[in-house]
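The structure under discussion appears below in the form of structure tokens.
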Amino acid sequence: MPSPDQPVSLSIDWDRARICIERFGPTAFALVVELAASARPGHGCAPVAKASMRALADRLGLGKDTVNRHLRKLITAGLIEPLHADTPFATSEYRLHLTDTGITRHRSTRASRRPRPSPGTAQPPLPFTA
């Protein structure tokens, strides 16, 4: 599980994600992806994201009421669990249950962020001229 200060990468199983998108819509799925990308490890294996609806709305280019509506839909479905009952637009923490979303969080390392060439596509060395 990644540490709070270590970058995280996400992978998506599109077969499972497609079911989530069909059930909740692409906006709700984008919200889950945004929360998963910014989450830190929680107790057990469920990550915890801290965000305000206004900040989420700004990052996704949506209205805060739209984010609120989709968050409530995801909370009702059990994909997101609110940990603190703050005022509606204050910063809150959410435990993410990603199993049914197709989203998996991975620890990022410098080596894993570098693009790897496919076999057989290595570039020939540049000619050296003196």
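In terms of the working numbering, the numbers along the sequence shown are unbroken and rise by one, the last being 144.
Yeah, the Cβ is synthetic: ideal placement off N, Cα and C, and Gly gets one too.
Pick from the options that is closest to residue i, judged by C-alpha positions
{"i": "Ala-198", "options": "Ser-25, Gly-39, Ile-94", "result": "No answer is possible for residue 198: it lies beyond the span of the chain, which begins at 15 and ends at 144."}
{"i": "Glu-48", "options": "Ile-33, Trp-28, Leu-112, Leu-74", "result": "Leu-74"}
{"i": "Leu-76", "options": "Pro-40, Leu-24, Ala-50", "result": "Pro-40"}
{"i": "Thr-105", "options": "Ala-51, Thr-113, Ala-71", "result": "Ala-71"}
{"i": "Leu-24", "options": "Lys-78, His-84, Ile-33, Ala-51", "result": "Ala-51"}
Cα-Cα separation, residue i to residue j
{"i": "Val-22", "j": "Thr-118", "result": "10 Å"}
{"i": "Ala-69", "j": "Ile-26", "result": "24 Å"}
{"i": "His-120", "j": "Lys-87", "result": "26 Å"}
{"i": "Arg-109", "j": "Pro-96", "result": "6 Å"}
{"i": "Thr-80", "j": "Thr-90", "result": "16 Å"}
{"i": "Gly-92", "j": "His-111", "result": "7 Å"}
{"i": "Cys-147", "j": "Thr-115", "result": "Outside the shown range of the chain, which is 15 to 144, sits residue 147, and nothing can be said about it."}
{"i": "Ala-53", "j": "Glu-36", "result": "24 Å"}
{"i": "Lys-78", "j": "Met-67", "result": "6 Å"}
Local conformation of residue i per DSSP, three classes
{"i": "Ala-91", "result": "helix"}
{"i": "Ser-17", "result": "Only weak support is given to the placement of Ser-17: the predicted model assigns it a pLDDT of 47, under 50, and the value that follows is read from those uncertain coordinates. In this structure, Ser-17 counts as coil in the three-state DSSP scheme."}
{"i": "Trp-60", "result": "Residue identity differs from the one stated: residue 60 is Ala in this sequence, not Trp. Here Ala-60 sits in coil by DSSP."}
{"i": "Leu-76", "result": "coil"}
Pair within 8 Å by beta-carbon distance, residue i and residue j
{"i": "Val-62", "j": "Glu-107", "result": "yes"}
{"i": "Phe-43", "j": "Ala-31", "result": "yes"}
Residues sharing a beta bridge with residue i, DSSP
{"i": "Pro-96", "result": "Tyr-108"}
{"i": "Thr-118", "result": "Ser-25"}
{"i": "Arg-54", "result": "Val-62"}
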